[in-house]
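Protein chains: 2
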Amino acid sequence: MQESGQSAALQDLDLRQAAIDSCFVELDEEYDILLREVCIRAAKSRISSNDTDDRRIIQAVQALDDIDRNSNELSERLLEWYGAYFPELELTGEPLARFVSTFGSRANVPESHPMFVKASMSMGSELSFADEELLRTFALNICSLYDTRRHIESYIVTAMGSLAPNLSDIAGALLGARLISMAGSLQKLASFPSSTVQVIGAHRALFKHLRGNTPPPKHGIIFNNVVIKNAPWWQRGKLARSFASKISLAARTDFYTGKRDPSIRESMDKKLNAIRAANPSPPKRESKPAGKPGSRGKSRNKKGGRR
Amino acid sequence: MQESGQSAALQDLDLRQAAIDSCFVELDEEYDILLREVCIRAAKSRISSNDTDDRRIIQAVQALDDIDRNSNELSERLLEWYGAYFPELELTGEPLARFVSTFGSRANVPESHPMFVKASMSMGSELSFADEELLRTFALNICSLYDTRRHIESYIVTAMGSLAPNLSDIAGALLGARLISMAGSLQKLASFPSSTVQVIGAHRALFKHLRGNTPPPKHGIIFNNVVIKNAPWWQRGKLARSFASKISLAARTDFYTGKRDPSIRESMDKKLNAIRAANPSPPKRESKPAGKPGSRGKSRNKKGGRR
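This is the structure:
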C-alpha cells in the first residue's frame, strides 16, 4: 500500500515535471519566435533609418564623380568620331556635344554662327544621314549627362544647406560634401582632429611622409577651395592649417547644434587675413629650416604639390 | 673704243643674266606657291577620303564599348543609391533604370505591377521629392544610354551589311565589326592569315604561348560566336580553326569583290557539321598527346579559357 502510494506519488511528480517541461518548451518556442521577430524588425528599422541625410549626400557626390568620369570619356569618343567630319572645330567637352546635338552635319550651321566659315570650308568628309542621326543621339546623351551633373550639383548645394549650413558656409557645399563623403559621415568628420581634416585626400603623401623622408602634405582636397588654391605658395601651409581648423569647427557645430553660426566665417576671414598680412613675401632661402628632404621644397611648393 | 664696246657688251650680258635670274626667281616663287597649294590640297583630300566605311564602323564599335562600360558603371551607382529606398527590388542594369525612371518612389508602383507587394512592404526609407526627381533624371540618363547602344548596334548591322556582307553572314555583324576594329581595317583583316584571325583578341595567351610552356590559344574574340561558344570543349579547337578560315575567306571576298557569295556560308555549315559528326564524344585521356603544359588541358579547355 505504502509502496504503491509512493510510486503513484512519484508518477505524479514525473507527470508534473513533464508538464512543466513541456510548458517551458512551448514558452521557449514562443520566445524564439518572438525574439526572431524582434530581431528582424530591429534590422529592418536599422536599414530604414540607415538612409540618413549624409548618406544621401555621399551617394550624390559619388554619382557626381561617376558622371564626370563617364561624360568625359564619352566626350572624347565624340571628339574622335566627329573629328572625321569637321576637324577644324576647336570644341571639346560640353560645347562640342551641344554643337553636334544641335547641328549634326556641318551643312546645318547657320550663317550667323561663328563657326560658319570654318564649317563651309572644312576639309572633313560628308556626313550621311544615318551617321548624322547616330552622332546627334550620341551627343544628346552626353548633353543630358552634363545636365544631370548640374542637377546633382544643385541637389548637393540644397541638401548641404540644410544638413551642414556652417560647413557649406566655410568650405563651400561641394567641398563640404566631398569631405563628408571621404570621412564617411558628418559625425566622423566632426570627430576628426583638424590636422586630419587638413590632409583628407592626401593619404599617399601622408603615408609617404610617415614612412620616410618626404615633407608632410600641407593640404588634401581642401586645396580645391580658392582660399588655398589662389594663395601664393609660401602662405598655403599656414592658410591650410587654419582653414582646416575652421572646417572642423563648422562640422562640429553642424553635427552637435545643427544651427548656422555666422561667427565662424567671420573669425575665419579675420584669421586668414592676418596670415596673409603677416606673410606678404616669400621667405628667404636661408631662413628656411634647411629642409630634411634635400632639394625639395621651393619648386614643389610652387606647384601646390605633395597632395 | 673697243674696250668700252666690250664693257658695254659685258654689261649687256650681265643685265640679261640678271633678267633671266630674276625670271627664274619669280618662277621658283610661283612654283613654290603652287607646290605648297598642291600639297595642302593633297593632304586635305587625304583627310577627307580617310573617313572610309570601315573607319566609321570602327568608331561605332568603340563607341559601343564605351557606352557599355559607362552604362554599367552608372547602373551600379543607381543600384547602390536606389537600394536605400527599395532594397527588396531584385533588378539590375537596364530593368532597374527603367523601373526607377518610370516610377521613382515605391509609392507610385501600381497594384497591377509584379513588384507591388514588395513595394508596399519594403523596409527601405522614404524618398523625398527632391531625391525622387534626381534619381529619376539619373535613371532616365542610363535608359537613354541603353537606347543609344541599341541605335549604334543597328547602325553597325546596316553598315556591315553594305561594307562586308559575307563577313556579316559568316560571323555576324557585331563580331565582324569587332574583328575589323581589332585588325584596323577591312583591308588588314583580309590580308591576315586565318590562323591570325583565329586568335585576334587572344594576344596575351598567344604571347604567353610563344614565350613559354602554355598551350596555344584556340580562339580569340571569335569565341563570342555561338558556333564556338555553344560547342563542347573537345570540338572547339577544330571548329575555331575552320570558322576562322571561313571568316578570312569572307573578309577577302568582301574586300576584293564586294559581292555577297552564299556559297561561303554553305561550305562553312557543311564543314562544321562534318567536324561535329567526326567528334561526337570527348577524346579519352590516354589518346591525348600527353600535353606539354603538364596538368593543364582538360580542365582549362572546359572553361573555354586560354583566350
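Protein chains in written order, with the working numbering: chain A, 780 to 1086; chain B, 780 to 1086.
Ideal Cβ placement from N, Cα and C applies to all residues, glycine included.
If you're wondering where the values come from, they're calculated on a predicted model, not measured in any experiment.
Which listed residue (the options) has its alpha carbon closest to that of residue i
i          : options                                          : result
Trp1013(B) : Ser1060(B), Pro874(B), Ile1000(B) and Ala1023(B) : Ser1060(B)
Ala1029(B) : Lys1050(B), Ser973(B) and Arg1015(B)             : Ser973(B)
Asn1003(B) : Ala956(B), Thr1036(B) and Thr993(B)              : Ala956(B)
Leu858(A)  : Ser786(A), Arg915(A), Val804(A) and Ala1019(A)   : Arg915(A)
Ala950(A)  : Phe1022(A), Pro996(A) and Asn1009(A)             : Phe1022(A)
Ala863(B)  : Met902(B), Arg825(B), Arg848(B) and Leu843(B)    : Met902(B)
Gly1016(B) : Phe1034(B), Ala1010(B), Lys997(B) and Asp1033(B) : Lys997(B)
Val879(B)  : Arg820(B), Leu913(B) and Lys1049(B)              : Leu913(B)
Arg834(A)  : Leu985(A), Gly991(A), Ile1007(A) and Gly963(A)   : Gly963(A)
Ser1046(B) : Arg820(B), Glu905(B), Met894(B) and Ser1024(B)   : Ser1024(B)
Thr881(B)  : Asn920(B), Leu946(B) and Arg825(B)               : Asn920(B)
Val1005(B) : Arg990(B), Asp1048(B), Leu989(B) and Lys897(B)   : Asp1048(B)
Ile1007(A) : Arg815(A), Arg820(A) and Arg1055(A)              : Arg1055(A)
Lys897(A)  : Phe865(A), Ser923(A) and Ser947(A)               : Phe865(A)
Ala776(B)  : Val978(B), Leu989(B) and Arg820(B)               : Coverage of chain B is limited to positions 780 through 1086, which leaves residue 776(B) absent and any answer about it impossible.
Glu905(B)  : Ser923(A), Ser827(A) and Lys987(A)               : Ser827(A)
Asp1040(A) : Ser824(A), Tyr810(A), Asp811(A) and Ser947(A)    : Ser947(A)
Inter-residue spacing [alpha-carbon to alpha-carbon] between residue i and residue j
i          : j          : result
Gly763(A)  : Ser1027(A) : Limits of chain A in this structure are 780 at one end and 1086 at the other, which puts residue 763(A) out of reach.
Ser1042(A) : Ala1053(A) : 16 Å
Val817(A)  : Ser854(B)  : 34 Å
Gly940(B)  : Ala918(A)  : 25 Å
Ser899(A)  : Val936(A)  : 43 Å
Lys1082(A) : Ala1057(A) : Low confidence applies to Lys1082(A): its pLDDT is 41, below 50, so where it sits in the model is not reliable, and the reading given next is rough at best. Near 22 Å, if we compare the C-alpha coordinates of Ala1057(A) and Lys1082(A).
Ile836(A)  : Ala952(A)  : 10 Å
Gly980(B)  : Ile1001(B) : 8 Å
Ala798(B)  : Thr1036(B) : 59 Å
Ser884(A)  : Pro874(A)  : 15 Å
Pro994(A)  : His982(A)  : 13 Å
Val976(A)  : Leu968(A)  : 8 Å
Arg1075(B) : Phe971(A)  : Low confidence applies here, because Arg1075(B) scores a pLDDT of 44, under 50, leaving its location unreliable; read the following figure in that light. Spanning the two alpha carbons is a distance of roughly 53 Å.
Ser891(A)  : Arg877(A)  : 17 Å
Ala787(A)  : Phe803(A)  : 24 Å
Asn1080(A) : Lys1038(A) : With a pLDDT of 42 at Asn1080(A), under the threshold of 50, the predicted position of this residue should be treated as unreliable, though the coordinate-derived value follows. Cα to Cα, Asn1080(A) sits roughly 37 Å from Lys1038(A).
Tyr861(A)  : Asp910(A)  : 10 Å
Pro1011(B) : Ala886(B)  : 49 Å
Gln785(B)  : Ser801(B)  : 24 Å
Arg856(B)  : Leu813(A)  : 37 Å
Arg1085(B) : Asp845(B)  : Low per-residue confidence applies at Arg1085(B): pLDDT is 44, beneath 50, and the placement is therefore not dependable enough to give any value.
Asn992(B)  : Ser850(B)  : 39 Å
Ser907(B)  : Thr831(A)  : 12 Å
Arg1031(A) : Asn945(A)  : 9 Å
Leu954(A)  : Thr927(B)  : 34 Å
Glu852(B)  : Leu843(A)  : 12 Å
Pro889(A)  : Arg1044(A) : 50 Å
Leu789(A)  : Glu805(A)  : 24 Å
Lys823(B)  : Cys922(A)  : 31 Å
Ala984(B)  : Met961(A)  : 40 Å
Arg820(B)  : Gln966(B)  : 25 Å
Leu1051(B) : Arg815(B)  : 57 Å
Asp811(A)  : Phe986(A)  : 50 Å
Leu924(A)  : Ala943(A)  : 27 Å
Arg1064(B) : Arg990(B)  : 26 Å
Opening and closing residue of the alpha helix (DSSP H) in which residue i lies
i          : result
Arg915(B)  : Phe908 to Leu942
Asn1004(A) : Run containing Asn1004(A): none; DSSP gives neither H nor E here.
Thr975(B)  : Ser973 to Val978
Ala981(B)  : Run containing Ala981(B): none; DSSP gives neither H nor E here.
Ala952(B)  : Ala952 to Ala962
Pro1041(B) : Pro1041 to Ala1057
Thr1032(B) : Trp1012 to Tyr1035
Val896(A)  : Phe895 to Met900
The ligand GDP heavy atom lying under 7 Å from the CB of residue i
i         : result
Arg929(A) : Ligands are entirely absent from the displayed structure, and the ligand GDP is therefore not among its contents.
| request: Flag this pair as touching only if the stretch 859–875 of chain B and the stretch 787–794 of chain A have three or more C-beta atom pairs under 8 Å; answer yes or no. | output: Not touching, per the Cβ criterion.
| task | Taking a Cβ distance cut-off of 9 Å, strictly less, list which residues of the stretch 847–879 of chain A are near chain B, in chain order. | result | Residues Arg848, Asn849, Ser850, Glu852, Leu853, Glu855, Arg856, Leu857, Glu859, Trp860, Ala863, Tyr864 and Pro866.
| field | Three CB pairs or more closer than 8 Å across the stretch 922–937 of chain A and the stretch 830–849 of chain A | value | Result yes; three or more Cβ-Cβ pairs closer than 8 Å.
| field | Proximal residues, the stretch 1030–1048 of chain B versus chain A, C-beta separation under 8 Å | value | If you check each beta-carbon in the stretch 1030–1048 of chain B against every beta-carbon of chain A, none falls closer than 8 Å.
| request: Compile a chain-ordered list of the residues in the stretch 940–957 of chain A whose CB is closer than 9 Å to at least one CB of chain E. | output: In summary, chain E is missing from the structure at hand, where the protein chains are A and B.
| message | Which residues of the stretch 909–929 of chain A have a Cβ closer than 7 Å to any Cβ of chain B? Give them in chain order. | response | Within the stretch 909–929 of chain A, the residues whose Cβ lies closer than 7 Å to any Cβ of chain B are, in chain order, Ala909, Asp910, Leu913, Thr916, Phe917, Asn920, Ser923, Leu924 and Thr927.
| query | Listed in chain order, which residues of the stretch 880–906 of chain A have Cβ atoms closer than 8 Å to some Cβ of chain B? | reply | Of all residues in the stretch 880–906 of chain A, the ones placed with a Cβ closer than 8 Å to any Cβ belonging to chain B are Met902, Gly903 and Ser904, in chain order.
| According to a CB-to-CB cut-off of less than 7 Å, which residues of the stretch 803–818 of chain A neighbour chain B? | For the stretch 803–818 of chain A, no residue has a beta-carbon sitting nearer than 7 Å to a beta-carbon of chain B.
| request: Below 9 Å between beta carbons is the criterion; list the residues of the stretch 1001–1023 of chain A that meet it against any residue of chain B, in chain order. | output: Result list empty, no residue passes.
| said: Please identify, using Cβ separations under 8 Å, the residues of the stretch 825–846 of chain A that lie next to chain B, in order along the chain. | reply: Within the stretch 825–846 of chain A, the residues whose Cβ lies closer than 8 Å to some Cβ of chain B are Ile826, Ser827, Ser828, Asn829, Asp830, Arg834, Arg835, Gln838, Ala839, Gln841, Ala842, Asp845 and Ile846, listed in chain order.
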